[in-house]
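Visitor: Let me begin by handing over the structure; questions about it come next.
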Amino acid sequence: MSDTTTQVSDKEKKASFFTKLYTGTGAFDIIGRRTGYYIATGIIVVVAILGILIPGFKLSIDFEGGTQVSFPVGNSQADTAKAREVVQSATGVAPSAVQTAGSGASQTYQIATSELSADQITKARAALFQEFQPPGRDGKPSANTISFSAVSSTWGGQITRSALIALVVFLVLVTIYIAVRFREMEMALAALASLFFDVVVTAGVYAWSGFEVSPATVIGLLTILGFSLYDTVVVFDKVEENVRGVLHTNRRTFAEQANLAVNQTLMRSINTTVISVLPIIALMVVAAWILGVGTLMDLGLVQLVGVVVGTYSSVFFAAPLLVTLKEMKPEYKAHTQKVLNKRRSVGVEAESAVVQTAHRLSRPPVRKRDRHRG
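Just so it is clear: in the sequence shown, position 94 is 93 by numbering that gives the first Met the number 0, and no numbers are missing.
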């Protein structure tokens, strides 16, 4: 081995984590350790499914139907716990959700309950007016500012059906696009598995966290699927570039070239995720917590979870799964074995040469006869 090669090898060993990450030289063996990532992915999916089955989803009034109560907070400090107590005491029905929306003079209480009768509505209005004295347009307390509106579950059902249809159409189009774009069904299958992982995990986070699933949540879920698909296609595009003609050479296997592609796009995926997450966090902090717009919190949370999960799945699940599917094909399996056999033979030859050299050097030098003796 030359001094130059030794110096390069030493530099690679001494390179820091961030240097390896930035240069994308293939220093991270993601594909080689894919069994571990499969196990981690499986555990995450199981936990998510348990969340969906055990605590289940907390559906908003748009999906379950019921009665929506709203009235202005006024000049007093908002007290959602007190509002819940008053409604439950007056109607005998525990509200499913009590929150405030807006800020300043436009801040209002938003209370969701199951469907109330006319008598329950009358009692609830009287109790809420007595406790909170909500102001009317003229600034004076008025019971008419307390509004009750019936929400039909039919609308929520229509949204759910529309979302499911949109999801199925989206997945079909994804399959067709990837199969045509890359001319490989394995990539389409890996991308679909990755999207399924994104949907299940995001749904599981919602189930475990107890956040309400609203129409905004469904819309946000469809949005992050597009982000995840984009990230997966970027990785696959680099894989396709690296593995082009790989079967006609014995230098590297398909898995090694795919691992190099993942390393080369890893920093880009991280940068894209950070850039995407920052405005989402700003949306959640400013719009949801400061302005009190609960709908934007639902939209922001699903996008935040989806972006992070989508990045993980495209790098640590979709790409390794693609390699696994490829290595099931006889030609790729045979090529991998051919490359490994060649490396073993080269290693044996090199080892044999080293042994012969060492043996030759260990032999004592042959002493020449002195012609002048005798």
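No residue lacks a Cβ here, since even glycine has one placed at the ideal position from N, Cα and C. Source: prediction; values computed, not measured.
(1) Please report the distance separating the alpha-carbon of T121 from that of K81.
(2) Ignoring anything shorter than 3 residues or poking outside the region 199–236, list the beta strand (DSSP E) runs there in chain order.
(3) Quick one: what does DSSP say L115 is sitting in, helix, strand or coil?
(4) Sorted by chain position, which residues of the same chain lie with C-beta nearer than 8 Å to V92's C-beta, five sequence neighbours on each side aside?
(5) By the DSSP assignment, the beta strand (DSSP E) with P378 in it spans what residues?
(6) Which partner residues of P71 appear in the DSSP bridge assignment?
(7) DSSP three-state label for T99, please.
(8) Please check the pair A77 and Q106, which I expect to be a contact at CB under 8 Å, by giving their CB distance rounded to whole angstroms.
(9) If we count Cβ pairs, one from each stretch, closer than 8 Å, do we get three or more for the region 23–42 versus the region 185–195?
(10) Could you check if D137 is buried or exposed, using at least 16 other CB atoms within 10 Å of its CB as the buried criterion?
(11) Among the candidates L194, I177 and D61, whose CA atom is the shortest distance from the CA of V150?
(12) Quick check: the Cα distance between I48 and P133, rounded to an integer number of angstroms?
(13) Going by DSSP, what residue range makes up the beta strand (DSSP E) through F147?
(14) By the three-class DSSP mapping on this structure, what secondary structure does T252 have?
(15) At which residues does the alpha helix (DSSP H) containing V284 begin and terminate?
(16) In angstroms with no decimal places, state the Cα-to-Cα distance between I158 and Y311.
(17) Which residue comes first and which comes last in the alpha helix (DSSP H) that contains S88?
(18) For E330 and T222, I'd like the C-alpha separation in whole angstroms.
(19) Nearest-angstrom Cα distance between D236 and F70?
(20) Report buried or exposed for K325, applying the criterion of at least 16 other Cβ atoms within 10 angstroms of its Cβ.
(21) Going by beta-carbon coordinates alone, are A215 and V238 separated by less than 8 Å?
(22) Buried or exposed: A202, going by 16 or more other Cβ atoms within 10 Å of its Cβ?
(23) Could you give the distance in angstroms between the alpha-carbon of G50 and the alpha-carbon of V204?
Guide: This is what the structure gives:
(1) 18 Å
(2) none
(3) coil
(4) V86, T112, S113, L115 and Q119
(5) Only positions 0 to 373 of the chain appear in this structure, which leaves residue 378 out of reach.
(6) T107
(7) strand
(8) 7 Å
(9) no
(10) exposed
(11) D61
(12) 44 Å
(13) S146 to V150
(14) coil
(15) Unbroken run through V284: none, as it is neither H nor E.
(16) 29 Å
(17) T79 to T90
(18) 38 Å
(19) 54 Å
(20) buried
(21) no
(22) buried
(23) 8 Å
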